[in-house]
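Here is the structure we will look at, set down as C-alpha coordinates.
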Amino acid sequence: MKDKILLLMNLLFLVAILCVIGTFVYLQNDYKQRRQQASILLNYINKGYQVSINGKDKKGAIDVAKYSNEYDVYINKEKKRMYFVKK
11 MKDKILLLMN
21 LLFLVAILCV
31 IGTFVYLQND
41 YKQRRQQASI
51 LLNYINKGYQ
61 VSINGKDKKG
71 AIDVAKYSNE
81 YDVYINKEKK
91 RMYFVKK
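The sequence shown begins at 11 in the numbering used here and counts up one residue at a time.
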(Lines of atoms letter the chains of each structure in order from A and count residues from 1; the text may use other names and numbers.)
(Lines give C-alpha, C1' and ligand atoms only; values in the text may rest on other atoms or scores of the structure.)
Protein backbone atom coordinates (compact mmCIF):
# COMPACT_ATOMS: atom_id res chain seq x y z
CA MET A 1 0.00 0.00 0.00
CA LYS A 2 2.78 2.41 0.91
CA ASP A 3 4.54 1.54 -2.34
CA LYS A 4 1.48 2.52 -4.37
CA ILE A 5 1.12 5.82 -2.51
CA LEU A 6 4.83 6.56 -2.96
CA LEU A 7 4.60 5.75 -6.68
CA LEU A 8 1.54 7.98 -7.05
CA MET A 9 3.31 10.85 -5.26
CA ASN A 10 6.35 10.44 -7.52
CA LEU A 11 4.16 10.53 -10.63
CA LEU A 12 2.36 13.64 -9.43
CA PHE A 13 5.72 15.28 -8.71
CA LEU A 14 6.94 14.46 -12.23
CA VAL A 15 3.74 15.86 -13.76
CA ALA A 16 4.17 19.06 -11.74
CA ILE A 17 7.77 19.43 -12.93
CA LEU A 18 6.72 18.90 -16.55
CA CYS A 19 3.98 21.52 -16.17
CA VAL A 20 6.48 24.04 -14.82
CA ILE A 21 8.91 23.32 -17.68
CA GLY A 22 6.11 23.58 -20.24
CA THR A 23 4.97 26.90 -18.82
CA PHE A 24 8.52 28.25 -18.91
CA VAL A 25 8.98 27.22 -22.55
CA TYR A 26 5.62 28.76 -23.51
CA LEU A 27 6.47 32.06 -21.80
CA GLN A 28 9.91 32.19 -23.45
CA ASN A 29 8.39 31.71 -26.90
CA ASP A 30 5.69 34.30 -26.19
CA TYR A 31 8.33 36.79 -25.03
CA LYS A 32 10.42 36.25 -28.17
CA GLN A 33 7.35 36.72 -30.39
CA ARG A 34 6.32 39.95 -28.65
CA ARG A 35 9.85 41.29 -28.83
CA GLN A 36 10.01 40.54 -32.55
CA GLN A 37 6.64 42.21 -33.11
CA ALA A 38 7.74 45.33 -31.19
CA SER A 39 10.93 45.46 -33.23
CA ILE A 40 8.97 45.37 -36.49
CA LEU A 41 6.65 48.15 -35.30
CA LEU A 42 9.58 50.30 -34.20
CA ASN A 43 11.14 49.89 -37.63
CA TYR A 44 7.96 51.32 -39.16
CA ILE A 45 8.11 54.29 -36.75
CA ASN A 46 11.73 54.91 -37.72
CA LYS A 47 10.61 54.99 -41.37
CA GLY A 48 8.26 57.87 -40.52
CA TYR A 49 4.94 56.04 -40.06
CA GLN A 50 2.27 57.80 -37.99
CA VAL A 51 0.46 55.96 -35.18
CA SER A 52 -3.31 56.03 -34.66
CA ILE A 53 -4.83 54.31 -31.61
CA ASN A 54 -8.63 54.06 -31.60
CA GLY A 55 -8.80 56.94 -34.07
CA LYS A 56 -6.59 59.28 -32.03
CA ASP A 57 -3.14 60.24 -33.25
CA LYS A 58 -0.32 59.26 -30.92
CA LYS A 59 3.37 59.97 -31.03
CA GLY A 60 6.34 57.72 -30.66
CA ALA A 61 7.43 54.31 -29.58
CA ILE A 62 6.09 54.49 -26.03
CA ASP A 63 2.50 54.27 -27.22
CA VAL A 64 3.37 51.45 -29.61
CA ALA A 65 5.07 49.42 -26.88
CA LYS A 66 2.20 50.11 -24.48
CA TYR A 67 -0.64 49.14 -26.81
CA SER A 68 0.87 46.51 -29.11
CA ASN A 69 -0.17 43.59 -26.87
CA GLU A 70 -3.77 44.71 -26.34
CA TYR A 71 -4.58 45.85 -29.87
CA ASP A 72 -4.49 44.45 -33.39
CA VAL A 73 -2.20 46.43 -35.66
CA TYR A 74 -3.07 47.36 -39.25
CA ILE A 75 -0.42 48.99 -41.41
CA ASN A 76 -1.37 51.22 -44.34
CA LYS A 77 1.76 51.58 -46.44
CA GLU A 78 0.19 54.09 -48.84
CA LYS A 79 -0.67 56.58 -46.09
CA LYS A 80 2.33 55.58 -43.92
CA ARG A 81 0.09 54.98 -40.91
CA MET A 82 -0.29 52.26 -38.30
CA TYR A 83 -3.76 51.72 -36.86
CA PHE A 84 -4.24 50.04 -33.50
CA VAL A 85 -7.71 48.55 -33.04
CA LYS A 86 -8.95 46.91 -29.84
CA LYS A 87 -8.92 43.10 -30.09
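Glycine included, each C-beta is placed from N, C-alpha and C at the ideal position.
Rounded C-alpha distance that separates residue i from residue j
{"i": "residue 52", "j": "residue 82", "result": "15 Å"}
{"i": "residue 36", "j": "residue 62", "result": "31 Å"}
{"i": "residue 40", "j": "residue 28", "result": "18 Å"}
{"i": "residue 13", "j": "residue 42", "result": "44 Å"}
{"i": "residue 21", "j": "residue 47", "result": "39 Å"}
{"i": "residue 16", "j": "residue 24", "result": "12 Å"}
{"i": "residue 2", "j": "residue 50", "result": "The first residue shown for the chain is 11 and the last is 97, placing residue 2 beyond what the model contains."}
Proximity to residue i [Cα-Cα], best of the options
{"i": "residue 95", "options": "21, 31, 89 and 67", "result": "67"}
{"i": "residue 87", "options": "63, 57, 23 and 97", "result": "57"}
{"i": "residue 60", "options": "89, 47, 46 and 28", "result": "89"}
{"i": "residue 44", "options": "31, 23, 80 and 11", "result": "80"}
{"i": "residue 54", "options": "19, 84, 18 and 97", "result": "84"}
Buried/exposed call for residue i, threshold 16 Cβ in 10 Å
{"i": "residue 92", "result": "buried"}
Residue ranges of each alpha helix (DSSP H) within the stretch 20-65, 4 or longer: none
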